[in-house]
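**Q** Structure provided below as structure tokens; questions to follow.
In this note's numbering, the protein residues as written are 1 to 258.
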């Protein structure tokens, strides 16, 4: 898996809401000019303890940005609503990626909608919802159980006609600190599924809390963990800080080619 020439992408985060756990990512339109390979637009916060909003409210936040974003930009929309996914497809008139933290579980129509529209799809593992997920961290083998989850998801995706899907293990979602580090250490176990692996760990609490620092102080630690993720098989890094993630990618390439 350590190969200097393999494709690695950076997904830059723009949160179009006022409830994201990392305040500088809220409405941070500078990400559009950061050189990210993919721009991930999220109009609903999914941080632990957050509350959902209606599809209408989510679309109210999302639509103005979709109307002005350059058509050449590769877009990911962080949503678990099939209604929002359908509206975005109608507006954009082109393919984009649906980044669904629930892997279709929060909206029974999502997988059929994605398959019918021929959209790219990120399926993430979680348990419960943002209000309950941190009470649902009971695993015998966290990595093995999440791998099995995606084996079952693969069957659902095929039935729905979804050809192009990406796997996100769901760091920080219904996993405690130790489980997050175990899953990172064993990330290569997901490679058997033959899908691109997206890692979203930017500024997350399992990195900064053990160090006794804040999200704002965590960038060096996050960058170090991004390099670990790349060495263990990550294909896409979902980040708040694109330039520093690029440095992690360059370090990976230097390390793997020497």
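Ideal Cβ positions, reconstructed from N, Cα and C, are used throughout, including at glycine.
Should the region 4-14 be regarded as contacting the region 234-245, the criterion being three or more beta carbon pairs within less than 8 Å?
**A** yes
**Q** Residue 164 and residue 200 - do their beta-carbons sit closer together than 8 Å?
**A** Residue numbering aside, residue 200 sits at position 200 when the chain shown is read from its first letter. Residue numbering aside, residue 164 sits at position 164 when the chain shown is read from its first letter. At least 8 Å separates the beta-carbon of residue 200 from that of residue 164.
**Q** Look at the Cβ atom of residue 61, then the Cβ atom of residue 16, and state whether they are nearer than 8 Å.
**A** Here residue 61 is taken as the residue at index 61 of the chain shown, counted from 1. Here residue 16 is taken as the residue at index 16 of the chain shown, counted from 1. Yes, they are a contact pair.
**Q** Three Cβ pairs or more, each shorter than 8 Å: is that satisfied between the region 76-90 and the region 34-48?
**A** yes
**Q** At a threshold of 7 Å, does residue 165 count as lining the ligand HEM (C-beta to nearest heavy atom)?
**A** The ligand HEM is not among the ligands present in this structure, which contains no ligands whatsoever.
**Q** Sorted by chain position, which residues of the same chain lie with C-beta nearer than 7 Å to residue 28's C-beta, five sequence neighbours on each side aside?
**A** Along the chain shown, one-based indexing puts residue 28 at 28. Excluding positions up to five away in sequence, the list reads 14.
**Q** Provide the residue(s) that pair with residue 165 in DSSP beta bridges, ordered along the chain.
**A** Locating residue 165 in the chain shown gives position 165, counting from the first residue. Paired residue(s): 121.
**Q** Between residue 242 and residue 12, what straight-line distance do the alpha-carbon atoms span, to the nearest angstrom?
**A** Residue 242 sits at position 242 when you count from the first residue of the chain shown. Residue 12 sits at position 12 when you count from the first residue of the chain shown. Taking the straight line joining both Cα atoms gives about 6 Å.
**Q** Report all residues from its chain with a CB closer than 8 Å to the CB of residue 185; omit the five preceding and five following residues, and keep chain order.
**A** As a first step, residue 185 is located in the chain shown; it is residue number 185 there, counting from the start. Once the five neighbours on either side are set aside, the close Cβ partners of residue 185 are 232.
**Q** Short of 7 Å in beta carbon distance, which residues of its chain neighbour residue 195, apart from the five on each side in sequence? Order them along the chain.
**A** Within the chain shown, residue 195 is the residue found at index 195, counting from 1. If we look at residue 195 and ignore the five residues flanking it on each side, its Cβ neighbours are 165, 166 and 167.
**Q** What whole-angstrom Cβ distance do residue 38 and residue 115 have, given they're in contact under 8 Å?
**A** Translated into positions along the chain shown, residue 38 becomes position 38. Translated into positions along the chain shown, residue 115 becomes position 115. Going by Cβ atoms, the distance from residue 38 to residue 115 rounds to 21 Å, so no, they are not a contact pair.
**Q** Rounded C-beta distance between residue 125 and residue 170? I'm assuming under 8 Å.
**A** Stepping through the chain shown from its first residue, residue 125 is reached at position 125. Stepping through the chain shown from its first residue, residue 170 is reached at position 170. Going by Cβ atoms, the distance from residue 125 to residue 170 rounds to 4 Å, so yes, they are a contact pair.
**Q** Going straight from the alpha carbon of residue 96 to that of residue 224, what length do you get?
**A** In the chain shown, the residue the question calls residue 96 occupies position 96. In the chain shown, the residue the question calls residue 224 occupies position 224. Straight-line Cα distance between these residues: approximately 30 Å.
**Q** Return helix, strand or coil for residue 141, following the three-state DSSP convention.
**A** Taking the first residue of the chain shown as 1, we reach residue 141 at position 141. Under the three-state reduction of DSSP output, residue 141 falls in the coil class, being neither helix nor strand.
**Q** Under the assumption that residue 153 contacts residue 85 (Cβ atoms under 8 Å), give the Cβ distance between them as a whole number of angstroms.
**A** For the purposes of this step, residue 153 is taken as residue 153 along the chain shown, with counting starting at 1. For the purposes of this step, residue 85 is taken as residue 85 along the chain shown, with counting starting at 1. Incorrect: roughly 17 Å between the Cβ atoms, too far for contact.
**Q** Quick one: using the 10 Å Cβ neighbour count with 16 as the cut-off for buried, is residue 259 buried or exposed?
**A** Because the chain spans 1 through 258 in this model, residue 259 falls outside it and cannot be assessed.
**Q** Nearest-angstrom Cα distance between residue 207 and residue 179?
**A** Position 207 of the chain shown, counting from 1, holds the residue named residue 207. Position 179 of the chain shown, counting from 1, holds the residue named residue 179. One C-alpha to the other measures close to 12 Å.
**Q** Please list, in chain order, all residues of the same chain as residue 183 whose beta carbon is under 8 Å from its beta carbon, the five residues on each side excluded.
**A** In the chain shown, residue 183 corresponds to position 183, counting from 1. For residue 183, where only same-chain residues beyond five positions count, the Cβ hits under 8 Å are 142, 143, 146, 169, 171 and 175.
**Q** Quick one: give me the first and last residue of the beta strand (DSSP E) that residue 203 is part of.
**A** Your numbering for residue 203 matches position 203 in the chain shown. Note, residue 203: premise wrong, no beta strand (DSSP E); not H, not E.
**Q** Checking 8 Å against the spacing of the C-beta atoms, do residue 173 and residue 110 come in under that value?
**A** Along the chain shown, read from residue 1 onward, the residue named residue 173 stands at position 173. Along the chain shown, read from residue 1 onward, the residue named residue 110 stands at position 110. Cβ distance not < 8 Å, so residue 173 and residue 110 don't count as in contact.
**Q** Assuming residue 100 contacts residue 122 under a Cβ cut-off of 8 Å, what Cβ separation, rounded to an integer in Å, is found between them?
**A** Taking the chain shown and counting its residues from 1, one reaches residue 100 at position 100. Taking the chain shown and counting its residues from 1, one reaches residue 122 at position 122. With 8 Å as the limit, residue 100 and residue 122 qualify as a contact, their Cβ atoms being about 6 Å apart.
**Q** Return the CA-CA distance between residue 191 and residue 250, expressed in angstroms with no decimal places.
**A** Translated into the one-based positions of the chain shown, residue 191 becomes position 191. Translated into the one-based positions of the chain shown, residue 250 becomes position 250. Using only the alpha carbons, I get a separation of about 22 Å.
**Q** Which residue spans inside the region 27-111 form an unbroken beta strand (DSSP E) run of at least 3?
**A** The qualifying runs are 38-42, 75-78 and 97-100.
**Q** Give me the DSSP bridge partner(s) of residue 147.
**A** As a working mapping, residue 147 is identified with position 147 in the chain shown. BP columns for residue 147 are empty, so no partner.
**Q** What does residue 9 pair with, by DSSP beta-bridge criteria?
**A** Counted from its first residue, the chain shown places residue 9 at position 9. According to DSSP, which records beta bridges pairwise, residue 9 is partnered with 236.
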